[in-house]
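The listed protein sequences correspond, in order, to chains A and B.
Everything in the first sequence is counted per the numbering used here, starting at 1 for the first residue and increasing by one.
Everything in the second sequence is counted per the numbering used here, starting at 95 for the first residue and increasing by one.
All residues carry an ideal CB built from backbone N, CA and C; glycine is no exception.
Values in this document were obtained by computation on a predicted structure and should not be read as measured data.
To start, the structure under review is shown below, and the notes come after it.
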Amino acid sequence: MITKKDVQYIAHLSRIHLTDEETEKLTTTLEDILGYIEKLNTLDVSTVKPTSHVLPLQNVFRRDLPRPSLSQADAIKSAPESHKGSFKVPQVIE
Amino acid sequence: MKNYETVIGLEVHLQLNTQTKIFCGCSTQFGREPNSQTCPVCLGLPGSLPVLNEQVLLSGMTIGLALNCTINSLVKFDRKNYYYPDLPKAYQISQYDFPIAKEGFLKVETGGQVKKMGIIRAHMEEDAGKLIHSPETKSSLVDYNRTGVPLVEIVSAPDMRSAQEAYDYLTTLKLLLSYLDVSDCDMEKGSLRCDANVSIREQGVQVLGTKTELKNLNSFRAVKNAIDFEVQRQIQTLEAGERIIQETRLWNEEKQITVSMRSKEEAHDYRYFPEPDLVPFMIETSMAEKARQALPELPTEKLTRFINDYKLSLYDAGVLVQDKNLAFFFEACVKAWNNPKKITNWIISILKQELNARRLTIAQTKLSITHFTELIQKVENGTLNNLTGKEVLTHMLDTGKDSATLIQEKGLTQVSDDASLNTIIDQVLAENADIVHAIKSGKENAIGFLVGQCMKKTQGKANPKKIGELIKGRIHNVSSS
C-alpha cells in the first residue's frame with residue numbers, strides 16, 4: 001500500500017518538489033504500478049533462471065588504453081551555468 | 095561507570111593506478127584542468143554506455159586474493175542511487191550482492207600478538223567528482239575529472255577492538271597493497287581513503303551497539319584520534335542515559351572532535367538495482383587461479399625470505415620490508431655485490447636517514463645501485479672513511495654522480511700516507527701535551543680525543559684507524575725513550 005508519505009519520501013530522495021495535487025496523483029499511479037507487479041508475481045517462474053541482464057553476453061571488456069577526452073569547453077558546453085571550466089550548481093552544504 | 099568494549103570496522107577506498115577510468119577511455123591523471131578528462135560516458139550524457147576496463151577487474155581480483163578472499167564466479171555491477179552534484183548520473187556504478195571478492199582476512203601484528211581481522215568483501219566502483227564550495231557566489235563548482243576513476247572498496251569485519259588496532263590494521267593493509275602495485279596508496283592525494291564504523295557495547299554483550307560512521311579521516315593518525323574521541327563521546331552519551339544515534343559524523347582535525355552531519359543530508363536509502371548497461375562477468379576458476387599464481391611476493395613472505403636467505407635480523411629485515419622500494423633496492427644491491435649485512439647497515443643507518451631528511455623515497459632519488467655498492471666497497475677497502483663515505487653518499491643522492499667523480503670533485507681522497515699523517519700528528523701532540531701526559535700515565539682512552547683532533551685538521555679525510563695506530567706508536571716511543 002503506497003501512502004502519501006512514501007511518495008513524499010521518494011520525492012525528497014530524488015530532490016523533486018511535488019505539489020499536493022501531484023503527490024495525490026502519484027500515490028495512485030504508483031499504487032497501480034505496484035498492483036501490476038503483484039499480478040506478475042502470481043506467475044509460476046519456478047523453472048525460470050533468475051537473471052540480472054537480458055542479453056546473452058558476458059565478460060565484455062575494454063583494454064586499459066587512453067582515448068581522447070572532450071575538450072574542457074565541449075565538456076561544459078551544455079551546462080546551464082559554468083565558472084572557469086567548472087560546472088556551477090546551487091550551493092550544496094556539507 | 096560500566097565497562098565498555100569498542101567495536102570498529104573499517105572501509106578503505108583505494109584508487110587504482112590504471113591509465114584510464116573504469117568505464118571509459120578518459121585518462122586518470124591527477125591535477126589536470128577541471129573537466130578536461132571527461133567524455134559522454136563519465137559525464138553521464140544520454141545514450142552513452144559504460145564498458146569495463148579489464149585491468150580494474152584484474153586488480154580487484156589481485157586485491158581480493160592477497161586478502162585471502164574467495165573470488166566470486168559471478169560478478170555484476172549495480173546502481174547505487176543518490177542525488178548529489180558530484181555524481182553526474184545521480185547514481186554510482188558499484189557492486190551490491192556479487193562483488194569481486196568476499197570472506198577473507200588480514201593478519202595484523204598488534205599489541206604484541208598477531209590478530210586475524212576479517213575482510214567481509216572487496217568491490218569495484220567508480221569514484222565521484224570533486225566539489226568546491228564557493229560561499230561568496232552561493233554556488234558549488236564541479237570538476238568531473240575524478241568521476242569514473244576506478245576504486246576498490248575493502249570492507250573489514252567489525253573485528254577491531256581499539257583505535258590502535260584500527261591503526262595497525264590500516265598500516266598492515268597499506269603495506270600489503272603497496273606490494274601489489276595496484277595503487278600508489280597515497281593518502282595525501284586521496285588515493286587511499288578510510289571511513290570508520292564505531293560502536294561500543296557493555297563487556298560480555300554479544301549484540302553490536304548502534305554505530306556511527308566517521309568520515310573525513312585524512313591520515314592514519316586522524317583515524318586513530320577520531321576513533322578515540324568518538325568512543326569517549328559514545329561512552330558519555332550512554333552514561334548520561336541517552337541513546338546513540340546512527341549517523342555519519344565528520345572528523346574536525348582542527349578541533350579534534352567528531353561533528354554530526356545533518357541527518358537530512360544522508361538518507362541512506364540507495365535503492366540498489368542491477369546495472370542494465372553492463373553485462374555480468376563470469377570468473378572461471380582457472381582465471382582466478384592464474385591471478386593467484388601471478389601474485390607478487392607479499393611483505394610477510396619477503397620478511398621470512400630476507401631472514402632465511404640473507405641471515406638478516408628480524409628487526410633489519412622488518413625495516414627493509416616496511417618500505418617496498420627500499421626492499422627492492424636492497425635486493426638489487428645484493429645482486430650487484432653479495433654482502434647483505436654491510437648493505438643492510440648502510441641502508442638502515444645512513445641511507446634511510448638521508449631519505450627521511452629529504453622526504454624522498456629511494457625511487458625519487460638519482461642513486462644508482464652500482465654507485466651505492468661501489469661506495470660501500472670503497473669504505474670497506476679504506477679508500478674512504480665512514481665520515482667521507484657518508485658525505486659522498488649525500489652528494490650521490492643529489493647529483494647521481496659516481497663515487498670516483500665525487501671524490502675527485504670534492505677532494506675527499508683519504509690521506510693515509512705516513513708522512514702527511516705524521517706532520518699532522520706532530521702538530522696535535524704538540525698542542526695537547528697535557529693529554530699526551532695523561533695517556534702516558536695510563537689513560538689510554540684519551541687517544542680517541544687526539545684522533546678526533548687529527549681528523550678535524552684533515553677535514554675528516556684521514557684514515558682514523560691508521561691515525562690511532564700512529565699516535566699509539568708515537569706515544570709509546572716517546573714514553574720508552
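Residue i burial status per 10 Å Cβ neighbour count (16 or more: buried)
i, result
"B:Thr122", "buried"
"A:Pro68", "exposed"
"B:Glu359", "Below a pLDDT of 50, predicted positions are generally treated as unreliable, and B:Glu359, at 48, falls in that range; the measurement from the model is reported next regardless. Exposed, since its Cβ has fewer than 16 Cβ neighbours within 10 Å."
"B:His531", "exposed"
"B:Pro244", "buried"
"B:Leu454", "exposed"
"B:Ala195", "buried"
"A:Tyr36", "exposed"
"B:Met211", "buried"
"A:Phe87", "buried"
"B:Glu247", "buried"
"B:Phe466", "buried"
"B:Ile187", "buried"
"B:Tyr404", "buried"
"B:Tyr261", "buried"
"B:Val545", "buried"
"B:Gly103", "buried"
"B:Asn450", "exposed"
"A:Gln58", "exposed"
"B:Cys441", "The sequence given here has Ile at residue 441 of chain B, not Cys. Answer is buried; the Cβ neighbour count reaches 16."
"B:Asp172", "buried"
Per-residue DSSP class, three states only, for residue i
i, result
"B:Arg365", "coil"
"B:Ala195", "strand"
"B:Gly212", "strand"
"A:Glu38", "helix"
"A:Gln91", "coil"
"B:Asn516", "helix"
"B:Glu359", "Per-residue confidence for B:Glu359 stands at a pLDDT of 48, beneath the threshold of 50, marking its modelled position as unreliable; no derived number is given."
"B:Asn92", "With chain B running from 95 to 575 in the structure shown, residue 92 of chain B is simply not present."
"B:Arg343", "strand"
"B:Phe117", "coil"
"B:Ala498", "helix"
"A:Asp20", "helix"
"B:Asp221", "coil"
"B:Val243", "coil"
"B:Asn162", "coil"
"B:Gly103", "strand"
"B:Val135", "coil"
"B:Ile187", "strand"
"B:Ala334", "coil"
"B:Asn402", "helix"
"B:Lys232", "coil"
"B:Gln123", "coil"
Residue i versus the options, residue with shortest Cα-Cα distance
i, options, result
"B:Glu348", "B:Gln326, B:Ala316 and B:Pro374", "B:Ala316"
"B:Pro140", "B:Lys560, B:Leu469, B:Leu420 and B:Asp371", "B:Asp371"
"B:Glu395", "B:Ser443, B:Thr438, B:Lys429 and B:Lys418", "B:Lys418"
"B:Gly536", "B:His570, B:Ala524 and B:Lys551", "B:His570"
"A:Ser52", "B:Phe192, B:Gln113 and B:Asn439", "B:Phe192"
"B:Asp528", "B:Gln109, B:Lys484 and B:Ile541", "B:Ile541"
"B:Ile444", "B:Arg452, B:Lys484 and B:Val428", "B:Lys484"
"B:Lys551", "B:Lys534, B:Glu525, B:Ile518 and B:Asn539", "B:Ile518"
"B:Lys472", "B:Gln447, B:Thr164, B:Lys436 and B:Met218", "B:Lys436"
"B:Ser142", "B:Met281, B:Gly119, B:Gln149 and B:Ser153", "B:Gly119"
"B:Leu564", "B:Ala260, B:Leu159 and B:Cys548", "B:Cys548"
"B:Phe117", "A:Arg63, A:Val92 and A:Ala79", "A:Arg63"
"A:Glu21", "A:Val48, A:Gln8 and A:Asn59", "A:Gln8"
"B:Ile214", "B:Thr164, B:Gly412 and B:Glu324", "B:Thr164"
"B:Ser354", "B:Phe375, B:Ala320, B:Tyr178 and B:Ala382", "B:Ala320"
"B:Lys201", "B:Cys427, B:Glu230, B:Met218 and B:Asp253", "B:Asp253"
"B:Thr306", "B:Leu523, B:Glu324 and B:Val299", "B:Glu324"
"B:Pro182", "B:Lys318, B:Glu220 and B:Ala160", "B:Glu220"
"B:Thr265", "B:Gln207, B:Leu159, B:Glu203 and B:Leu225", "B:Glu203"
Closer than 7 Å: residue i CB and nearest the ligand COA heavy atom
i, result
"B:Ala513", "The ligand COA is not part of the structure shown, which contains no ligands of any sort."
At a cut of 8 Å, does the stretch 70-84 of chain A reach the stretch 271-290 of chain B through at least three beta carbon pairs?
No: fewer than three Cβ pairs fall under 8 Å.
Any contact between the stretch 225-239 of chain B and the stretch 111-131 of chain B? By contact I mean 3 or more CB pairs, one from each, below 8 Å.
Result yes; three or more Cβ-Cβ pairs closer than 8 Å.
I want to know whether the stretch 285-298 of chain B touches the stretch 98-107 of chain B - three or more CB-CB distances under 8 Å.
Contact holds: three or more Cβ-Cβ distances are below 8 Å.
Is there contact between the stretch 458-465 of chain B and the stretch 488-505 of chain B, where contact requires at least three CB pairs shorter than 8 Å?
Touching, yes.
Runs of alpha helix (DSSP H) lying entirely within the stretch 23-79 of chain A, each at least 4 residues, in chain order
List check, alpha helix (DSSP H) in window: 72-76.
Quick check for students: name the residue ranges of the alpha helix (DSSP H) that lie wholly in the stretch 252-322 of chain B, counting only runs of 4 or more.
Positions of the alpha helix (DSSP H) runs, each at least 4 residues long and wholly inside the stretch 252-322 of chain B, are given as 257-274 in order along the chain.
Using 8 Å as the threshold, is the stretch 335-344 of chain B in touch with the stretch 302-315 of chain B, meaning 3 or more CB pairs across them?
Taking a cut-off of 8 Å for Cβ pairs, the stretch 335-344 of chain B and the stretch 302-315 of chain B touch, as three or more such pairs fall below it.
Touch check for the stretch 129-139 of chain B and the stretch 166-173 of chain B: three-plus C-beta pairs under 8 Å?
Fewer than three beta-carbon pairs drawn from the stretch 129-139 of chain B and the stretch 166-173 of chain B are found closer than 8 Å, and the two stretches are therefore not classed as touching.
Complete runs of the alpha helix (DSSP H) confined to the stretch 433-491 of chain B [at least 4 residues]:
Listed in chain order, they are 434-439, 446-452 and 463-474.
Could you say if the stretch 108-118 of chain B and the stretch 276-292 of chain B meet the contact criterion of at least three C-beta pairs nearer than 8 Å?
With the cut-off at 8 Å, the stretch 108-118 of chain B and the stretch 276-292 of chain B touch.
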